[in-house]
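Worksheet: one structure, shown below.
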Amino acid sequence: MNKLETLKQNLAGQFNIANYKFTHAVGDDVLEVPKEDVPKLLMHLRESGQFDFLMDVCGVDYPQREKRFDVVYHLFSSKDASRLRVKAQVGENESIGTALPAYRGADWFEREAYDMFGIKFEGHPNLRKILTHHQFVGHPLRKDYDANLNQSCTTSLPIHFNNEPGSPGDVLNDKYVPLNIGPAHTAMHGTLRVMAEMDGETIVRCNNEIGYLHRCFEKMAETHPYNQVIPYTDRLNYCSAPMNNIGYCKTVERLLGVEIPPKAQAMRVILAELSRIIDHTIAIGTGAMDLGALTSFFYMFGLREQVYGLFEKLCGARLTVSMTRVGGMAQDAPEGWFDEVLALCKEIRKGTDEMAALVLDNKIFIQRTRGICPVSAQDAIQWGYTGPMLRACGVNLDLRKAQPYYGYDALDFDVPVGTSGDIYDRYLVRFEEMRQSVRIIEQVCKNVPGGDYTIRDKGIVLPEKKDVYGNIEGLMNHFMLIIKGLRPPVGEVYDATEAANGELGFYLVSDGSANPYRLKVRPPCFAIYQSYPTVVKGAMLADAIATIASMNLIAGELDR
Amino acid sequence: MHNDQVQGSPSHQGATGTQAVDDMSRSFAFTSRLDALVAWGRKNSLWPMPYGTACCGIEFMSVMGPKYDLARFGAEVARFSPRQADLLVVAGTITEKMAPVITRIYQQMLEPKYVISMGACASSGGFYRAYHVLQGVDKVIPVDVYIPGCPPTPEAVMDGIMALQRMIATHQPRPWKDNWKSPYE
Chain A
1 MNKLETLKQN
11 LAGQFNIANY
21 KFTHAVGDDV
31 LEVPKEDVPK
41 LLMHLRESGQ
51 FDFLMDVCGV
61 DYPQREKRFD
71 VVYHLFSSKD
81 ASRLRVKAQV
91 GENESIGTAL
101 PAYRGADWFE
111 REAYDMFGIK
121 FEGHPNLRKI
131 LTHHQFVGHP
141 LRKDYDANLN
151 QSCTTSLPIH
161 FNNEPGSPGD
171 VLNDKYVPLN
181 IGPAHTAMHG
191 TLRVMAEMDG
201 ETIVRCNNEI
211 GYLHRCFEKM
221 AETHPYNQVI
231 PYTDRLNYCS
241 APMNNIGYCK
251 TVERLLGVEI
261 PPKAQAMRVI
271 LAELSRIIDH
281 TIAIGTGAMD
291 LGALTSFFYM
301 FGLREQVYGL
311 FEKLCGARLT
321 VSMTRVGGMA
331 QDAPEGWFDE
341 VLALCKEIRK
351 GTDEMAALVL
361 DNKIFIQRTR
371 GICPVSAQDA
381 IQWGYTGPML
391 RACGVNLDLR
401 KAQPYYGYDA
411 LDFDVPVGTS
421 GDIYDRYLVR
431 FEEMRQSVRI
441 IEQVCKNVPG
451 GDYTIRDKGI
461 VLPEKKDVYG
471 NIEGLMNHFM
481 LIIKGLRPPV
491 GEVYDATEAA
501 NGELGFYLVS
511 DGSANPYRLK
521 VRPPCFAIYQ
531 SYPTVVKGAM
541 LADAIATIAS
551 MNLIAGELDR
Chain B
1 MHNDQVQGSP
11 SHQGATGTQA
21 VDDMSRSFAF
31 TSRLDALVAW
41 GRKNSLWPMP
51 YGTACCGIEF
61 MSVMGPKYDL
71 ARFGAEVARF
81 SPRQADLLVV
91 AGTITEKMAP
101 VITRIYQQML
111 EPKYVISMGA
121 CASSGGFYRA
131 YHVLQGVDKV
141 IPVDVYIPGC
151 PPTPEAVMDG
161 IMALQRMIAT
171 HQPRPWKDNW
181 KSPYE
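If you read the sequences in order, they're chains A and B. Quick note: the first sequence uses my numbering, first residue 1, plus one each step. Quick note: the second sequence uses my numbering, first residue 1, plus one each step.
Take a look at the structure:
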C-alpha cells in the first residue's frame, strides 16, 4: 500500500481526491476517478515523472450499469517498474477527454476503444475506425453484439490520410504522387497497408491502415472457457506462439492466486527463450530479405526448423504449440529433451555468429540501415515502444530484469541496448538477444528442477488421462471441471511478460463465470506501428520499407 | 545408354527411307497428345503467389525454405505479382476487410490459374466463427484444393500441391471455377 499512499499525498493538493477511490487488488494499484479529471490527471502523472509509459487504453462494457463503460488506462514507470491502473466510468452518450496531450501513444489505443465500444474521446483528431472495415455497423465488443454476426465488406477504402495540424487530411495534394503499398505486397508482410504521398522518392506524408487480420481475438476469448482461449493466444504472435501461451496463463494464474511448480517454470523459461530466438530469426531473416538478401532467410529458416523439431518432440505441433495450461504445462517433457535442447544451443550459437557476420558486417546492409529513420529514446517512450525497439534507442528496460518472473532474477544474462535507435541498432540488439537467450537456456537446462510439471488442484487442472480412465475419482474430477469450468474469483488483473517484440500484456476481467468477462491484449507492435507515419516522414521510400521490416510487425497480434 | 542405340541404329549405316527416319527418331523423340504435353509442363512449373496473411504464411515459408524445398516440385519461383503467377496459395485467415482485396488479386491473375486454400481459416474460417472473419475464402474465389490443418504441416502442403498436379495432369473438370462470378459485380 506504500506506493498508493505516496500517490495519494502527491495528488491531494491538486485534485479533489475525495471523489477518488484508491484500491489495491490482486497485486495491482487501482485508481478510480471521475472522467472529467482523466486528461489532467494523466498529464500530471507523466509530468511529475511518476509514470513515463502509457501501456494500454481499453474499454470494458457493463450494459446493466448506469454509466455503461469503463475506460481503463495502464501506466508503467520505468524507474521502479511500478504500475497503476486508472479507471473512469463513461456513459453511452458521453465522451471522455483524450490522453493524447500527455501520451502520444494513446492514439491508436483510443481509436480501438472507439471502434470496439463506441467510446468517444474528445479532442482526438482522428477518431475513426481502426480494426473493423469501413462498412461495419456497430461496435463488436459491446456485450449486446453477437459474436457470429458477420457484416460483409465490398470495397477497399481509397488512399486516405490522418487529420494532422497543417495538413489537409483526406484531400490529396496535386503536386505529389499518391502511392499505395499493400495489403497484398511482399514488403507489407501480407496484411499491412501503407499509403503515401511522394515527392519523387521522398515521402511527404504517410498513413498506415491496419485491421486486415482482425480475427476478433477478444470477442472469441469472451465466448470460450479459460483453457480454450489458449489456442487463440497461439495465433497472436504466431512467430513465437509459446510466449503468448505463457503470458496468458501467467495472467490467469495470478488472478487465481496460484504459483506453478519449479519444473513448469523452468520449462516455460526454456520455451520462452527458444521462442525469442526463433522470433528474432524471422525478424532478421525477412528483414534482410526486404533489403534484397535472400540468403539470410534460408540460413535463418534452417535454424528455425531445428527448433521446430524440439517443439514437435515436446507436443507434436510445430508452430502453434498450446503447450501451457492454467496451472502448469500440458504434459511433461520427454526423456532426454533437455539434453537435446542443450545440444541445439551449440548449433544456435554457431548459426547466430555466422549470420551476424553475414548480415551485420555486410557493407550493403550497413549502408541501408545505419543512421536510417532513427527514433530518440524520448520519442520511443512517448509512443509506448517496448522490447528490442525500445532498447535499440538506448533505454535499458527489460521486464525479465525490471519485474522478474519465473526465476529470471537468479539467471545470469545481459540486456543489450543500442545507442542511436536506428535500424542497424535494432538488428544489433536482436542478434545479441539471441546470444543471451542461449545463455539463459543453457543455465536452466543444466539445472532442471525435479517434481511435477503442473499443480494438481482439481478445480483448476484436469486429471491425467490414466486417472480419468483408471479410477472413479479421476473420472469425476474430469467431469466436474469440464461441466463447471475453471472459474477464477471475481476481479481483474493486468499482467505482462517480456515477449520477443516487447511487453505483451493481458488485462483480464473475471465475473466469476467460466469465460473471461473481458480479455484485453496489449500487443507490443501495436504501439510501435502507430509511430510509423511520423518515423518515415521525409525519408526515402526504400528506407520506409527497411523501417517496416525492422519493426517486426506480426499482423496476428497487431490486429488480433 | 542412348549412344549405344544411336550407334546401332540403321541411319548411321547409311540406310534410307521412312523406316530409317522412324527408327532414328525413336532414339530421341516420343509422341504424345499436345494437351497432355502442355499439362505436363503446367503441372511441373507452377508459379505460386503466396498470399500469406497469418500463421499459415509462416508455415508456407517453411515449405519454401531449405528443409522442405518446394523447388523439388517445380514450384520454387514465388511471385508476388498476381500477373506473373498461376497458383494462388491462400495461406492464412481472410477477413471481411481483406475479401475485396483477394478477389481483385485473383482477377488479376492470367489463365490458366489455380487456387489452393491452405489451412482451416482459409478453408472455412477455422475456429474463428467471428464477426470479422470470412467463413472460407471460397465465398469469394473458386478453390481447387483445400489443405486441412491449423496450420498444416509442410508435408500436408506438399500433398496438396501434388493433388493439384494430378488434377492438372488428368484435366479434371473444374465447374467451381468455370461458373465463378465475382461476388462484387
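Beta carbons: idealized from backbone N, C-alpha and C, even for Gly. The structure displayed is predicted, hence computed values, not measured ones.
Subject >> Cβ-based neighbour list, Glu442 (chain A), same chain, cut-off 7 Å, excluding 5 preceding and 5 following >> reply: By 1-based counting over the first sequence, the position of residue 442 (chain A) is 442. Same-chain partners within the cutoff: Leu342 and Cys345.
**OP:** Pick helix, strand or coil for Thr186 (chain A), following the three-state DSSP scheme.
**Re:** Residue numbering aside, residue 186 (chain A) sits at position 186 when the first sequence is read from its first letter. If DSSP states are grouped into helix, strand and coil, Thr186 (chain A) belongs with the helices.
Original post:
Is the shortest distance between the beta-carbon of Asn150 (chain A) and the beta-carbons of chain B less than 8 Å?
Top reply: Looking up residue 150 (chain A) in the first sequence gives position 150. Against chain B, the CB of Asn150 (chain A) has a partner CB under 8 Å away; the residue lies at that interface.
Original post:
Alpha carbon to alpha carbon, how far is Val143 (chain B) from Ser95 (chain A)?
Top reply: Locating residue 143 (chain B) in the second sequence gives position 143, where the first residue counts as 1. Locating residue 95 (chain A) in the first sequence gives position 95, where the first residue counts as 1. C-alpha of Val143 (chain B) to C-alpha of Ser95 (chain A): approximately 47 Å in a straight line.
Original post:
Comparing alpha-carbon positions, which option in A:Ile119, A:Leu256, A:Ala25 and A:Gly285 lies nearest Arg68 (chain A)?
Top reply: Within the first sequence, the letter at position 68 stands for residue 68 (chain A). Residue A:Ile119 is the option with its Cα nearest to Arg68 (chain A).
**OP:** Ignore the nearest five residues each way along the sequence and tell me which others in Asp559 (chain A)'s own chain have a CB closer than 8 Å to its CB.
**Re:** Reading the first sequence from its first residue, position 559 is the one you call residue 559 (chain A). Shown here for Asp559 (chain A): same chain residues with a beta carbon closer than 8 Å to its own, the five before and five after excluded, namely Leu131, Thr191, Ile210, Gly211, Tyr212, Leu213, His214 and Arg215 in chain order.
Original post:
Thr186 (chain B): which of B:Ala39, B:Leu37 and B:Ala120 sits nearest, CA to CA?
Top reply: Given that chain B is displayed from residue 1 to residue 185, the structure contains no residue 186 (chain B) and the question cannot be resolved.
**OP:** State yes or no: is the C-beta of Ala39 (chain B) within less than 8 Å of the C-beta of Ala163 (chain B)?
**Re:** As a position in the second sequence, residue 39 (chain B) is number 39, starting the count at 1. As a position in the second sequence, residue 163 (chain B) is number 163, starting the count at 1. For Ala39 (chain B) and Ala163 (chain B), no; Cβs fall outside 8 Å.
Subject >> Pairwise C-alpha distance: Glu305 (chain A) and Gly8 (chain B) >> reply: Counting from 1 along the second sequence, the entry for residue 8 (chain B) is found at position 8. Counting from 1 along the first sequence, the entry for residue 305 (chain A) is found at position 305. Reliability fails at Gly8 (chain B), whose pLDDT of 42 lies under 50, so the model's placement of it is uncertain and no value is given.
**OP:** Count the C-beta pairs between the region 477 to 488 of chain A and the region 363 to 378 of chain A that are closer than 8 Å, then say yes if the count reaches three, no if not.
**Re:** Output reads no: the region 363 to 378 of chain A does not touch the region 477 to 488 of chain A.
Original post:
Per DSSP, what kind of secondary structure is Pro225 (chain A) in: helix, strand or coil?
Top reply: For the purposes of this step, residue 225 (chain A) is taken as the residue at position 225 of the first sequence. Per DSSP, reduced to three states, the secondary structure at Pro225 (chain A) is coil, with no helix or strand assignment.
**OP:** Could you check which residue in A:Cys58, A:Ser82, A:Arg83 and A:Gln64 has the C-alpha nearest to that of Val71 (chain A)?
**Re:** Against the first sequence, residue 71 (chain A) aligns to sequence position 71. Residue A:Cys58 is the option with its Cα nearest to Val71 (chain A).
**OP:** At 7 Å on the CB atoms, spell out the chain B contacts of Cys345 (chain A), in chain order.
**Re:** Translated into the one-based positions of the first sequence, residue 345 (chain A) becomes position 345. Those do not exist, as Cys345 (chain A) stays about 20 Å from chain B at its closest Cβ, beyond 7 Å.
**OP:** State the start and end residues of the unbroken alpha helix (DSSP H) segment that holds Tyr532 (chain A).
**Re:** Position 532 of the first sequence, counted from the start, is the residue given in the question as residue 532 (chain A). Counting along the chain, the alpha helix (DSSP H) containing Tyr532 (chain A) begins and ends at Tyr532 to Val536.
Subject >> Presumed contact (8 Å Cβ cut-off) between Phe217 (chain A) and Tyr238 (chain A), rounded CB distance >> reply: On the first sequence, residue 217 (chain A) is found 217 positions in, with the first residue counted as 1. On the first sequence, residue 238 (chain A) is found 238 positions in, with the first residue counted as 1. With 8 Å as the limit, Phe217 (chain A) and Tyr238 (chain A) do not qualify as a contact, their Cβ atoms being about 12 Å apart.
Original post:
Quick one: does Pro100 (chain B) have its CB under 8 Å from some CB of chain A?
Top reply: Numbered from 1 along the second sequence, position 100 holds the residue referred to as residue 100 (chain B). For Pro100 (chain B), a Cβ of chain A is located within less than 8 Å of the residue's own Cβ.
**OP:** Provide the residue span of the beta strand (DSSP E) that contains Lys32 (chain B), from first to last.
**Re:** In the second sequence, the residue the question calls residue 32 (chain B) occupies position 32. In the sequence under discussion, the amino acid at residue 32 (chain B) is Ser, which differs from the Lys named in the question. Where Ser32 (chain B) is concerned, there is no enclosing beta strand (DSSP E), given that its DSSP letter is neither H nor E.
Original post:
By the criterion of Cβ-Cβ separation under 7 Å, what are the contact partners of Ala184 (chain A) in chain B?
Top reply: Numbered from 1 along the first sequence, position 184 holds the residue referred to as residue 184 (chain A). Near Ala184 (chain A) (Cβ distances below 7 Å), the residues of chain B are Tyr51, Val101 and Ile105.
Original post:
What residues in its chain sit with their C-beta under 8 Å from that of Asp56 (chain A), if we drop five residues either side in the sequence?
Top reply: For the purposes of this step, residue 56 (chain A) is identified with residue 56 of the first sequence, where counting begins at 1. Closer than 8 Å at Cβ, skipping near neighbours: Val72, Tyr73, His74, Phe109, Tyr494, Gly505, Tyr507, Lys520 and Arg522.
Original post:
Any contact of the region 172 to 189 of chain A with the region 95 to 107 of chain A, i.e. 3+ C-beta pairs under 8 Å?
Top reply: The count of Cβ pairs closer than 8 Å, one atom from the region 172 to 189 of chain A and one from the region 95 to 107 of chain A, stays below three, leaving the stretches out of contact.
Subject >> Residues near Leu553 (chain A) in its chain [Cβ-Cβ closer than 8 Å; skip 5 each side] >> reply: Indexing the first sequence from 1 puts residue 553 (chain A) at position 553. Around Leu553 (chain A): His189, Leu192, Cys525, Ile528 and Tyr529.
Original post:
Can you tell me where the alpha helix (DSSP H) with Arg391 (chain A) in it begins and where it stops?
Top reply: Residue mapping note: residue 391 (chain A) aligns to position 391 of the first sequence, counting from 1. For Arg391 (chain A), the uninterrupted alpha helix (DSSP H) segment begins and ends at Pro388 to Ala392.
Subject >> Candidates A:Leu428, A:Ser77, A:Asp467 and A:Thr251: closest to Val509 (chain A) by CA position >> reply: Taking the first sequence and counting its residues from 1, one reaches residue 509 (chain A) at position 509. Nearest C-alpha to Val509 (chain A): A:Thr251.
Original post:
CB Asn126 (chain A) to CB Asn163 (chain A), shorter than 8 Å?
Top reply: As a position in the first sequence, residue 126 (chain A) is number 126, starting the count at 1. As a position in the first sequence, residue 163 (chain A) is number 163, starting the count at 1. Yes, they are a contact pair.
Original post:
Nearest chain B C-beta to Cys58 (chain A) closer than 8 Å, yes or no?
Top reply: Here residue 58 (chain A) is taken as the residue at index 58 of the first sequence, counted from 1. No, because no Cβ of chain B sits closer than 8 Å to the Cβ of Cys58 (chain A).
Subject >> Partners in chain B for Val239 (chain A), counting only beta-carbon separations shorter than 7 Å >> reply: For the purposes of this step, residue 239 (chain A) is taken as residue 239 along the first sequence, with counting starting at 1. Here the sequence assigns Cys to residue 239 (chain A), which means Val is not the residue at that position. Within 7 Å Cβ-Cβ: Ile58.
**OP:** Could you tell me whether the region 241 to 249 of chain A touches the region 322 to 341 of chain A, using the rule of 3 or more Cβ pairs below 8 Å?
**Re:** Flag = yes, the region 241 to 249 of chain A and the region 322 to 341 of chain A touch.
Original post:
By DSSP, does Arg26 (chain B) sit in helix, in strand, or in coil?
Top reply: The residue given as residue 26 (chain B) occupies position 26 in the second sequence. The three-state secondary structure of Arg26 (chain B), taken from DSSP, is helix.
Subject >> Environment of Met355 (chain A) [buried if 16+ CB atoms lie within 10 Å] >> reply: Along the first sequence, one-based indexing puts residue 355 (chain A) at 355. Answer is buried; the Cβ neighbour count reaches 16.
**OP:** Closer than 8 Å by beta-carbon distance: list the chain B residues that pair up with Tyr212 (chain A), in chain order.
**Re:** Numbered from its first residue, the first sequence carries residue 212 (chain A) at position 212. Within 8 Å Cβ-Cβ: Thr53, Thr95, Lys97, Met98 and Val101.
Subject >> Beta-carbon proximity list for Ile364 (chain A), same chain, < 6 Å, skipping 5 on both sides >> reply: For the purposes of this step, residue 364 (chain A) is taken as the residue at position 364 of the first sequence. Shown here for Ile364 (chain A): not one same chain residue has a beta carbon closer than 6 Å to its own, the five before and five after excluded.
Original post:
Are the CB atoms of Ile284 (chain A) and Ser275 (chain A) nearer to each other than 8 Å?
Top reply: Walking along the first sequence from the start, residue 284 (chain A) turns up at place 284. Walking along the first sequence from the start, residue 275 (chain A) turns up at place 275. Against a cut-off of 8 Å, the Cβ pair of Ser275 (chain A) and Ile284 (chain A) comes out as no contact.
Subject >> Sequence-distant residues of its chain with Cβ nearer than 6 Å to Cys249 (chain A) (five each side left out) >> reply: Reading the first sequence from its first residue, position 249 is the one you call residue 249 (chain A). Contacts found: Thr324 and Val326.
Subject >> Straight-line Cα distance separating Ile455 (chain A) from Gly257 (chain A) >> reply: By 1-based counting over the first sequence, the position of residue 257 (chain A) is 257. By 1-based counting over the first sequence, the position of residue 455 (chain A) is 455. Roughly 12 Å between the two C-alpha positions.
**OP:** Measuring alpha carbon to alpha carbon, tell me which of B:Asp178, B:Gly136 and B:Ala130 ends up nearest Glu222 (chain A).
**Re:** For the purposes of this step, residue 222 (chain A) is taken as residue 222 along the first sequence, with counting starting at 1. Distance from the Cα of Glu222 (chain A) is smallest, within the candidate group B:Asp178, B:Gly136 and B:Ala130, for B:Ala130.
Original post:
Under 9 Å Cβ-Cβ, which residues of chain D neighbour Pro142 (chain B)?
Top reply: Among the protein chains of the structure shown, namely A and B, there is no chain D.
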